[in-house]
Amino acid sequence: MVQSGAERIELRDERNDQQQFSSEETRKKWGKEKGADFMLNGVILSITDEYKRQKTVKYQINLELTDLETNEKVWIGEKEIKKFIKN
34 MVQSGAERIE LRDERNDQQQ FSSEETRKKW GKEKGADFML NGVILSITDE
84 YKRQKTVKYQ INLELTDLET NEKVWIGEKE IKKFIKN
């Protein structure tokens, strides 16, 4: 696992600051990051239905796993869960 884009920017900013403000023994070097093989993207949706004193919440998760070298979608998954809530 590696950090996402926004987190990488923050880490690189910190590493850049270390080049100027940290001692040579403790500063972290450039070019040592691990490359990711895959990227997992997805969305979580929720839909709420209410009728009288009953409520139903449906959660749906859609995920895609992509090979970063080939841009091939190697896995697509979807999961749906319904929760019934009584008031």
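Numbering (my numbering), first residue to last: 34 to 120.
Cβ coordinates follow ideal geometry from the N, Cα and C atoms, glycine included.
Since the structure is predicted, the reported quantities are computational estimates derived from the model, not experimental observations.
Nearest-angstrom Cα separation, counted from residue j out to residue i
{"i": "residue 56", "j": "residue 68", "result": "27 Å"}
{"i": "residue 63", "j": "residue 48", "result": "8 Å"}
{"i": "residue 74", "j": "residue 66", "result": "21 Å"}
Within 9 Å, strictly: CB atoms of residue i and residue j
{"i": "residue 110", "j": "residue 101", "result": "no"}
{"i": "residue 41", "j": "residue 52", "result": "no"}
{"i": "residue 84", "j": "residue 115", "result": "no"}
{"i": "residue 112", "j": "residue 87", "result": "no"}
For residue j and residue i, believed in contact at Cβ under 8 Å, the rounded distance
{"i": "residue 76", "j": "residue 95", "result": "5 Å"}
{"i": "residue 89", "j": "residue 117", "result": "6 Å"}
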